[in-house]
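Reviewing the structure listed below.
2 protein chains.
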Amino acid sequence: MTLAIIGGGQLARMMAEPAAALGIDLRLLAEAPGVSAAQVIPAHTVGDYRDLDALTAIVAGCEAVTFDHEHVPTEHLHALEAMGVAVRPGPDALVYAQDKGLMRTRLGQLGAPCPRNAIVTSVADVEAFGIPCVIKTTRGGYDGKGVWFVRSAADCADAFASGATILAEELVDFRRELSALVARSATGEVVSYPVVETLQVDGVCREVIAPAPDLAADVEAETEALARRIATELGVVGILAVELFETTDGRILVNELAMRPHNTGHWTQDGAVTSQFENHVRAVLGLPLGATDLRAPYVVMVNVLGGVSDLAGAYEKALADPSVKAHWYGKEARPGRKVGHVNTYGDDLEDCLTRARRAAAAMTTEGMEGDA
Amino acid sequence: MTLAIIGGGQLARMMAEPAAALGIDLRLLAEAPGVSAAQVIPAHTVGDYRDLDALTAIVAGCEAVTFDHEHVPTEHLHALEAMGVAVRPGPDALVYAQDKGLMRTRLGQLGAPCPRNAIVTSVADVEAFGIPCVIKTTRGGYDGKGVWFVRSAADCADAFASGATILAEELVDFRRELSALVARSATGEVVSYPVVETLQVDGVCREVIAPAPDLAADVEAETEALARRIATELGVVGILAVELFETTDGRILVNELAMRPHNTGHWTQDGAVTSQFENHVRAVLGLPLGATDLRAPYVVMVNVLGGVSDLAGAYEKALADPSVKAHWYGKEARPGRKVGHVNTYGDDLEDCLTRARRAAAAMTTEGMEGDA
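Quick note, the sequences are listed as chains P and V, same order.
Going letter by letter, the first sequence gives residues 1 to 372 in UniProt numbering.
Going letter by letter, the second sequence gives residues 1 to 372 in UniProt numbering.
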């Protein structure tokens with residue numbers, strides 16, 4: 001079995017671990033030499049994911065093609081499908097992760113609970129929608145980029161200057177953020193992971209707690225069912241991450257969709273029977289999916305932002321806790337950059353949090369206080 | 001951090017998984033293009049492990065060098081050490097895994113319990129030692145090769161015809177075989193895994209049960225302590241596997257030593273907090289070692305011998321059990337060849353065994369009955 005992956009970031013790198021275990025050959029289209037996944041996938045080519053010829057070359061002889069990111073142009077995905085390539089997730093699903101405007105429209109049709117939203121083309125539109133609000137480019141944003149919090153009309157300037165299509169959404173009064181991860185195989189089989197709590201700072205995921213503490217059982221069940229329904233209705237193949245708000249009045253609203261292994265699922269590597277990366281690989285190849293059960297009462301993930309140049313020195317401290325599981329992406333240290341993460345698990349949530357935060361702090365020169 | 005590995009078999013391949021997770025760069029000297037580990041380690045060179053120039057080239061710029069097998073000539077390891085390379089395990093330790101005669105002498109000096117043994121140079125020597133017995137080449141044997149069971153003088157012919165140095169050992173009347181795995185870091189830190197029960201057929205490991213069922217607590221503790229002491233006294237760096245007999249009269253005797261990740265430790269990938277492969281990599285780089293605790297009451301490993309050409313078809317059946325963890329080495333199917341293994345874990349040992357055997361059987365065309 002041979003699987004092509006487009007994009008050489010850490011998600012592709014982390015797909016390579018279960019792919020190696022399962023004996024699945026990978027081919028990678030990397031954006032530059034030496035990027036994260038190119039360090040661990042021998043059969044890689046450097047090329048542009050916007051170049052149909054590069055895409056066509058990498059998928060030749062592969063059972064399927066999947067993605068490290070959602071930026072491949074939809075028309076290229078359709079072109080590959082027309083050639084008979086198994087594009088997973090396919091363009092008809094992926095477009096809802098690529099375009100927040102289409103996503104909101106489709107989720108509205110499905111009756112999925114969303115923040116109030118509208119496409120806006122002018123400051124007057126935003127004022128009519130209601131300020132304060134959030135405005136976002138419908139395409140291309142990630143990790144807080146392409147998102148503006150609007151507290152006065154002046155805050156809209158950058159967004160409209162960008163020339164992008166802009167979506168306005170109500171400012172949700174939320175208690176916390178949650179994430180519901182599901183895997184859907186090319187066979188149609190769907191499995192769901194326990195709903196997790198996520199801590200985002202400036203639009204960047206910092207910590208994840210699995211399962212989400214004190215989430216009412218009926219809300220947990222409804223949220224898993226919602227994510228499964230979205231995956232099926234949208235025809236997703238692979239991992240679907242549904243990022244959610246839990247509002248102060250107890251409602252669950254869909255914030256974002258991602259159709260690939262997701263930062264809010266990194267805990268599964270050490271905390272679930274089957275990691276999201278393994279289930280993504282199994283799903284896109286149409287293999288049976290693995291169990292999603294937790295392997296401990298609590299699992300915590302803490303991201304490492306920034307990084308260090310002396311990894312061995314960092315590990316002297318971070319791995320002094322013998323039960324910490326460290327993950328490093330092979331990326332150069334840079335302020336605010338996601339360069340790794342730490343997983344811990346156990347019976348005591350506070351202990352897991354303390355240990356994971358301590359280990360993650362040892363793996364970066366970046367203070368947690370300064371940039372929060 | 002960069003680590004060189006000599007030998008491109010499945011042990012090197014399985015070291016690559018935790019190395020990728022930890023952000024450790026690997027360089028591989030592979031014996032041929034496309035071998036198991038070369039499929040997952042981009043920085044590989046094809047060369048001969050008996051060629052000092054090839055060894056010297058691969059270790060340049062690496063923090064340490066370690067091994068997929070024990071066949072690198074001792075004089076080359078000394079030459080690398082003389083150049084300042086961190087050879088782990090070093091030649092002064094590794095020689096006891098390479099040469100069973102030296103191993104028996106050294107273990108005797110340490111007072112480690114061993115079967116009665118003697119170097120023999122003629123059939124008369126063997127008769128004087130006592131028939132029945134086992135005779136073995138002191139160097140180069142593995143998986144039952146280079147081992148002869150002597151029930152009459154005629155059974156010695158092949159051994160002496162080989163021209164190799166031959167060790168005779170008493171035929172041990174054993175209840176079962178056990179294995180004690182420890183990791184020793186370059187810093188001197190030692191950790192031990194729970195002692196496991198192993199089922200060998202014709203000298204080839206078939207199944208492993210962790211922990212060894214019904215092993216008396218004091219025997220378990222003494223056996224772990226014995227393995228830790230051997231690792232320390234011999235100056236092992238990395239994983240040491242001590243294969244043992246539990247005799248019908250309740251004694252523990254050392255059978256073999258291996259100084260690398262070992263088939264009897266594959267269960268740790270899915271059943272321990274830290275896998276033997278991760279601890280090997282951490283040990284040889286002088287990093288702190290990870291916890292060796294079991295993650296379930298029972299863990300079972302079953303080897304896949306022989307294999308299949310249609311892996312996807314095999315996975316349809318093997319992975320229909322969503323909690324089975326399958327491992328495949330990327331090797332071509334061949335009768336009796338180790339091509340993969342399956343791990344299962346849970347509260348019920350019989351259930352784990354049944355599930356692992358069923359999944360392993362689905363991954364090979366080789367019947368378990370025919371070749372036992």
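Glycine included, every Cβ here is placed at the ideal spot set by N, Cα and C.
Predicted model, so just to flag it, every value in this text is computed and none were measured.
Annotation note: the segment 218–271 of chain V contains the following uninterrupted beta strand (DSSP E) runs of length 3 or greater, listed N- to C-terminal: 238–247, 252–258.
For a Cβ distance threshold of 7 Å, nothing in chain P lies close to V65(V): the least Cβ distance comes to about 16 Å. Neighbours of R13(P) across chain V, judged by C-beta separation under 7 Å: A20. With three or more CB-CB distances shorter than 8 Å, the segment 302–310 of chain V counts as touching the segment 326–345 of chain V. Look at C62(V) here: in three-state DSSP terms it is coil, with no helix or strand label. Straight through space, the alpha carbons of V324(P) and D348(V) are spaced by roughly 27 Å.
For W267(P), none of the residues of chain V pass the 7 Å Cβ criterion, the least Cβ distance being about 14 Å. Within the same chain, and ignoring the five residues on either side of L285(P) in sequence, the residues whose Cβ sits closer than 8 Å to its Cβ are M1, L3, I24, E63, A64, A186. The three-state secondary structure of E127(V), taken from DSSP, is helix. Beyond the five residues adjoining it in sequence on each side, M14(P) comes within less than 6 Å, by CB distance, of F277 in the same chain, given in chain order. F149(V) counts as exposed, since fewer than 16 other C-beta atoms from the protein chains shown sit within 10 angstroms of its C-beta.
Take D293(P), set aside five residues on each side of it, and the residues of its chain with a beta-carbon closer than 7 Å to its own are A272, V273, in chain order.
Taking C-beta separations shorter than 6 Å and ignoring five residues to either side along the sequence, the partners of H262(V) in its chain run A241, following chain order. Using a CB distance cut-off of 8 Å, P322(V) counts as an interface residue toward chain P. Closest by C-alpha distance to N279(V), out of A16(V), Y96(V), G108(V), E70(V), is A16(V). With respect to L107(P), G90(P) sits apart: the two C-beta atoms are not nearer than 8 Å. For R88(P), there are no C-beta contacts with chain V under 8 Å, since the nearest C-beta of that chain is about 15 Å from it. Within chain P, the residues E17, A20, A21 have their CB atoms less than 8 Å from the CB of E17(V), given in chain order.
Between G130(P) and A161(P), the alpha-carbon positions lie close to 20 Å from each other.
Under a 10 Å Cβ-count criterion, P297(V) is classified as exposed, with fewer than 16 other Cβ atoms of the shown protein chains found around its own Cβ. For C205(P), the secondary structure class from DSSP, reduced to helix, strand or coil, is strand. Counting along the chain, Y96(P) sits inside the alpha helix (DSSP H) bounded by residues 91–98. Among the residues facing chain V, H341(P) is not included, as its CB has no counterpart in that chain under 8 Å away. Here T105(P) carries a helix assignment [DSSP, helix/strand/coil]. In this structure, A93(V) keeps its C-beta atom at 8 Å or more from the C-beta atom of L199(V). By alpha-carbon distance to A164(V), the top candidate from I135(V), I6(V), R151(V) is I135(V). Classified as buried, M259(P) has 16 or more neighbouring CB atoms from the shown chains inside 10 Å of its CB. Distance between E350(P) and D321(P), taken at the CA atoms: about 15 Å.
Nearest to I230(P) by C-alpha distance, out of A54(P), A180(P), G47(P), L289(P), is A180(P). Against chain V, the CB of V273(P) has a partner CB under 8 Å away; the residue lies at that interface.
With respect to the C-alpha of R176(P), the residue from V208(P), T232(P), D158(P), A359(P) having the closest C-alpha is V208(P).
The C-alpha of E222(V) lies about 15 Å from the C-alpha of T247(V).
Annotation: C114(P) is outside any beta strand (DSSP E) and is labelled neither H nor E by DSSP. E316(V) reaches chain P at L287, P288, counting residues in chain order whose Cβ is nearer than 8 Å.
Around the beta carbon of M103(P), 16 or more other beta carbons sit within 10 angstroms, so the residue counts as buried. A Cβ-Cβ separation of about 16 Å leaves A54(P) out of contact with L26(P) under the 8 Å criterion.
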